[in-house]
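To start, the structure under review is shown below, and the notes come after it.
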Amino acid sequence: MNKAARTSRPHEEAQTLPLEIYLPLVTSLYKDGRTLLVGTIVVTGSIFVTYWKTGDRFLLYCAVAFVLVTCARGLLIRTFIRLRATITNTEVAKQWEHRYVAGASVSVGLLGIWCYLAFSRHSNSFAQVVSFSMTIAYLTGIFARNFGNIRFVIVQALCALGPMIATLLLWGNPFDWIFAVLLAPLFIAIKSIAERLRGTLLDALSASRDMALLAKRFDTALNNMPHGLCMFDSNSRIVVANQKLNRQMGLAPDFELKGCSLRHVVECGVNAGLISNANAQILVNNLDARLLSRSDAAFVVEMLNGRTFEFTVQAMDDRGMVVLVEDITERRIAEAKINHLARFDALTGLPNRTTLHDRLEQVLNKWRSDNMCAIHFIDLDRFKQVNDTLGHTRGDLLLQAVARRLRNAAPDADVIARFGGDEFVILQAPIKSFDQADVLAKRALNALSGAYDLSGHEVVVSGSIGIAVADGQIDADQLLQNADMALYHAKSEGRGTCCWFEDEMEARAQARRNLEIDLRDALVSDSLELHYQPLFNLRTKRISTCEALLRWPHHRRGMISPCEFIPLAEETGLIVEIGNQVLYKACVECRRWPGDTSVAVNFSPIQFERSNVPALVRETLDATKLPANRLEIEITESTLLRDTSRTIADLRRLEELGVTISVDDFGTAYSSLNYLHSLPLHKVKIDQSFMQGLGNNQRRVTLLRGMARLSAQLGLRVVVEGVETEEQLELLIPEESIDEAQGYLLCRPLPAADIRKLLHKR
2 MNKAARTSRP HEEAQTLPLE IYLPLVTSLY KDGRTLLVGT IVVTGSIFVT
52 YWKTGDRFLL YCAVAFVLVT CARGLLIRTF IRLRATITNT EVAKQWEHRY
102 VAGASVSVGL LGIWCYLAFS RHSNSFAQVV SFSMTIAYLT GIFARNFGNI
152 RFVIVQALCA LGPMIATLLL WGNPFDWIFA VLLAPLFIAI KSIAERLRGT
202 LLDALSASRD MALLAKRFDT ALNNMPHGLC MFDSNSRIVV ANQKLNRQMG
252 LAPDFELKGC SLRHVVECGV NAGLISNANA QILVNNLDAR LLSRSDAAFV
302 VEMLNGRTFE FTVQAMDDRG MVVLVEDITE RRIAEAKINH LARFDALTGL
352 PNRTTLHDRL EQVLNKWRSD NMCAIHFIDL DRFKQVNDTL GHTRGDLLLQ
402 AVARRLRNAA PDADVIARFG GDEFVILQAP IKSFDQADVL AKRALNALSG
452 AYDLSGHEVV VSGSIGIAVA DGQIDADQLL QNADMALYHA KSEGRGTCCW
502 FEDEMEARAQ ARRNLEIDLR DALVSDSLEL HYQPLFNLRT KRISTCEALL
552 RWPHHRRGMI SPCEFIPLAE ETGLIVEIGN QVLYKACVEC RRWPGDTSVA
602 VNFSPIQFER SNVPALVRET LDATKLPANR LEIEITESTL LRDTSRTIAD
652 LRRLEELGVT ISVDDFGTAY SSLNYLHSLP LHKVKIDQSF MQGLGNNQRR
702 VTLLRGMARL SAQLGLRVVV EGVETEEQLE LLIPEESIDE AQGYLLCRPL
752 PAADIRKLLH KR
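See the structure below:
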């Protein structure tokens with residue numbers, strides 16, 4: 002405590018000192034009643050002696066009064082000791098301090114009166130010497146007993162010295178006056194000594210309080226740690242331990258670990274059934290070794306109750322050590338879960354791609370000609386349709402059901418993994434012949450094919466499989482790629498089948514990759530061109546619309562058929578960017594045409610799925626200044642079979658823009674008629690397949706007329722594609738329900754400049 006705090010004014014002492022320091026100061030006043038008793042006996046005896054010597058009854062009265070005051074003070078001391086625990090605030094403590102000061106001041110004042118009586122009423126030197134000697138002695142003992150309160154020391158000194166000085170000055174000779182003057186330095190000395198002693202006491206109390214507070218905080222922190230902790234000295238005896246360690250070792254909360262040996266603590270854990278004898282011995286040996294080597298270490302011990310503890314040892318400079326005991330059970334479980342999630346698919350519980358790849362590499366490293374392995378790359382057919390129509394939740398249920406069927410179909414497979422999406426891979430190892438792989442593939446196909454009940458919705462799904470066998474040295478990635486190429490071939494030739502990898506597939510795949518690269522380059526360099534094929538009005542013989550058709554003049558291969566690169570563009574997603582360019586170029590070109598001739602632009606289902614078609618059309622019309630009624634959007638029936646709610650919303654927004662919407666290749670999908678009355682359509686284009694063999698097949702003619710008349714009765718304009726002969730045209734002209742025709746007989750697709758000349762000429 003600083004000097005300013007120790008020398009604060011007396012009446013502010015209770016306010017400046019905290020209760021935990023102020024109360025001990027007050028308590029020190031009442032601490033030992035025996036000194037009060039001894040002092041009372043000595044003083045009272047001395048007064049009685051002077052009374053016996055002088056016979057002055059006032060001295061007797063003084064002795065009796067001193068005894069009575071002492072008795073009152075003794076009673077006060079006993080009462081304080083009894084009520085000490087109930088004093089919880091500074092005000093109450095201050096009251097007890099005032100009571101003590103009052104009683105002590107009266108006692109000292111009686112001594113001063115005794116001195117005054119001895120001088121003023123008698124000339125007996127014995128009485129004068131005894132009274133002055135006892136009062137001075139009592140006065141010097143004030144600071145020895147009561148230095149904790151400076152105010153009390155000052156009051157007592159004044160009560161004693163005041164009457165003494167007055168006596169010497171009033172009734173003494175000049176020598177007595179000198180002695181009276183010398184009593185003033187005595188008062189100052191007593192006050193100074195008391196202040197220094199008080200400062201020492203306050204410092205001790207403050208240090209004691211701080212140490213107690215620090216110890217309490219340390220104990221609180223120690224016992225609230227999430228881990229057990231103990232500190233050993235160089236003799237392997239515990240000097241510090243917390244309650245958590247008691248619980249970890251199966252000990253009672255009040256069991257005192259301090260002073261226990263390392264072996265004793267471990268034996269307590271064995272007796273509590275928490276640790277086996279073998280693990281206990283290992284634990285003791287490890288801790289002893291760390292203590293001897295003074296090295297840090299950490300080791301794990303499995304407990305019998307299923308918990309796992311990690312003991313971390315840190316050596317100390319005094320040849321002791323600190324041991325931290327952490328319960329890592331949950332961490333171990335979490336690490337196991339993380340490891341499982343990293344290597345297994347969360348949805349199906351099957352190994353994932355990483356696990357498959359690691360295991361495949363292990364198998365290939367042990368390859369022998371009589372110890373081959375096979376990869377079965379499996380892809381579900383029509384899985385996307387299930388996801389789009391029934392939602393992802395039921396799609397997940399389907400994947401889980403497929404995983405169960407694959408486990409049942411291939412119980413002896415080395416690994417059955419979910420590769421990603423709706424793709425699964427079976428690693429079959431070892432196999433002695435190709436027939437083993439063929440048998441497993443057919444068994445898997447049969448297991449996958451059939452109906453699945455997905456929360457009340459029944460769906461029929463099949464699978465396609467690509468098979469690749471490691472019959473020579475090959476790396477894991479290449480083997481998986483071979484199986485993937487075989488799968489691609491199986492899906493292209495018909496779903497629900499399996500296909501073996503052949504070397505020619507790699508060549509075709511490479512050619513396909515090269516074509517994709519060239520297509521991307523053509524898109525960047527704007528090498529794709531648009532040709533336009535007119536649609537003729539059968540009544541006016543005029544060109545009403547020109548359909549924009551994409552052409553790709555390749556720098557090496559010449560003109561590449563759209564049937565070759567359009568599916569590739571759809572599969573890779575390039576069709577979205579290509580479609581954006583086609584729409585813009587077609588609208589710009591249509592602006593150059595005379596009259597109200599419109600342009601028809603084909604949109605892929607992928608464009609509706611991956612982009613905002615209505616927003617694209619609106620922005621393009623605004624950019625090119627083309628009237629909306631001169632743009633015709635052509636969609637295929639496969640577009641209508643996808644996300645129906647979104648498709649309807651997009652078509653309605655297109656209708657609001659004022660563009661014409663037509664269905665291309667009409668009649669080729671199983672549910673085409675279902676959409677004629679529910680979607681905002683304006684035109685149907687009957688597929689050219691209905692024109693093949695039309696003249697020799699009356700049933701085809703009847704079917705064509707029926708489709709045309711039905712569409713016309715629904716308010717739709719009808720276009721017939723693929724008109725290639727005069728005979729076909731003659732059959733169409735009389736049919737009033739057919740409005741327009743398109744085909745090579747009427748006009749082939751022409752470059753932009755040529756179609757522009759044709760339109761201006763006509």
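Using the working numbering, you'd call the opening residue of the sequence shown number 2 and step up by one each time.
Using N, Cα and C, we set each Cβ at its ideal position, and we do this for glycine too.
In this text the structure is predicted, and so the values were computed from the model without any measurement.
Residue i Cβ short of 8 Å to the ligand COA heavy atom set
{"i": "residue 564", "result": "The model on display carries no ligand, and the ligand COA is accordingly not part of it."}
Residue i - containing beta strand (DSSP E), residue span
{"i": "residue 417", "result": "416-421"}
{"i": "residue 453", "result": "451-455"}
{"i": "residue 549", "result": "544-555"}
{"i": "residue 121", "result": "Looking at the DSSP string, residue 121 is not in any beta strand (DSSP E); the run it does join, the alpha helix (DSSP H), is 91-121."}
{"i": "residue 773", "result": "Given that the chain is displayed from residue 2 to residue 763, the structure contains no residue 773 and the question cannot be resolved."}
{"i": "residue 718", "result": "718-721"}
{"i": "residue 761", "result": "Unbroken run through residue 761 is the alpha helix (DSSP H), 753-762; no beta strand (DSSP E)."}
{"i": "residue 464", "result": "458-471"}
{"i": "residue 1", "result": "Missing from the structure shown is residue 1; the chain here goes from 2 to 763 and no further."}
{"i": "residue 125", "result": "That residue, residue 125, is in no beta strand (DSSP E); it is neither H nor E in DSSP."}
{"i": "residue 559", "result": "559-561"}
{"i": "residue 328", "result": "322-328"}
{"i": "residue 492", "result": "Where residue 492 is concerned, there is no enclosing beta strand (DSSP E), although the alpha helix (DSSP H) it sits in stretches over 477-494."}
Cβ neighbour criterion (16 or more within 10 Å) applied to residue i
{"i": "residue 388", "result": "buried"}
{"i": "residue 709", "result": "buried"}
{"i": "residue 72", "result": "exposed"}
{"i": "residue 672", "result": "Because residue 672 carries a pLDDT of 49, less than 50, the predicted location of this residue cannot be relied on, and no value is offered for it."}
{"i": "residue 564", "result": "exposed"}
{"i": "residue 179", "result": "exposed"}
{"i": "residue 381", "result": "buried"}
{"i": "residue 745", "result": "exposed"}
{"i": "residue 608", "result": "buried"}
{"i": "residue 51", "result": "buried"}
{"i": "residue 14", "result": "Unreliable positioning characterises residue 14 in this predicted model, as indicated by a pLDDT of 47, which lies under 50. A coordinate reading is not provided."}
{"i": "residue 727", "result": "exposed"}
{"i": "residue 358", "result": "buried"}
Any chain B beta carbon closer than 9 Å to residue i
{"i": "residue 97", "result": "Included in the structure is just one protein chain, with no chain B present."}
Beta-carbon proximity list for residue i, same chain, < 8 Å, skipping 5 on both sides
{"i": "residue 79", "result": "34"}
{"i": "residue 619", "result": "658"}
{"i": "residue 717", "result": "677, 682, 683, 684, 685"}
Residues near residue i in its chain [Cβ-Cβ closer than 6 Å; skip 5 each side]
{"i": "residue 594", "result": "760"}
{"i": "residue 590", "result": "753"}
{"i": "residue 123", "result": "55"}
{"i": "residue 313", "result": "299, 325"}
{"i": "residue 184", "result": "162, 166"}
{"i": "residue 506", "result": "486, 490"}
Sequence-distant residues of its chain with Cβ nearer than 7 Å to residue i (five each side left out)
{"i": "residue 455", "result": "391, 395, 398, 399"}
{"i": "residue 756", "result": "533, 547"}
{"i": "residue 27", "result": "94, 97, 98"}
{"i": "residue 612", "result": "577"}
{"i": "residue 317", "result": "323"}
{"i": "residue 496", "result": "382, 463, 465"}
{"i": "residue 665", "result": "603, 635, 636, 637, 686"}
Cβ separation of residue i and residue j, assumed to be a contact under 8 Å, to the nearest whole Å
{"i": "residue 689", "j": "residue 723", "result": "2 Å"}
{"i": "residue 284", "j": "residue 301", "result": "Their Cβ separation, rounded to whole angstroms, is 10 Å, which puts residue 284 and residue 301 out of contact at 8 Å."}
{"i": "residue 372", "j": "residue 431", "result": "5 Å"}
{"i": "residue 127", "j": "residue 116", "result": "So it is not a contact: roughly 14 Å between Cβ atoms."}
{"i": "residue 452", "j": "residue 427", "result": "So it is not a contact: roughly 22 Å between Cβ atoms."}
Span of the alpha helix (DSSP H) around residue i
{"i": "residue 607", "result": "606-611"}
{"i": "residue 522", "result": "504-525"}
{"i": "residue 404", "result": "393-410"}
{"i": "residue 42", "result": "34-55"}
Quick check: the stretch 332-342 against the stretch 237-257, are there 3 or more CB pairs under 8 Å? Segments in contact, no.
Is it the case that the stretch 457-464 contacts the stretch 376-390, given that we only count it when at least three CB pairs across the two stretches are under 8 Å? Segments in contact, yes.
Just checking, does the stretch 462-473 make contact with the stretch 436-447 on the three C-beta pairs under 8 Å criterion? The stretch 462-473 makes contact with the stretch 436-447; the number of CB pairs closer than 8 Å reaches 3 or more.
Given 8 Å, three or more beta-carbon pairs between the stretch 485-494 and the stretch 522-533: With a cut-off of 8 Å, the stretch 522-533 and the stretch 485-494 do not count as touching, because too few Cβ pairs lie within range.
Validate contact between the stretch 415-429 and the stretch 472-480 using beta carbons, cut 8 Å, 3 pairs: Cβ pair count under 8 Å is below three, so no.
Give a yes or no on contact between the stretch 621-632 and the stretch 675-689, applying the rule of three or more CB pairs nearer than 8 Å. The stretch 621-632, when compared against the stretch 675-689, does not touch it at the 8 Å Cβ threshold.
Does the contact criterion of 3 or more C-beta pairs under 8 Å hold for the stretch 256-272 versus the stretch 222-241? Yes: at least three Cβ pairs fall under 8 Å.
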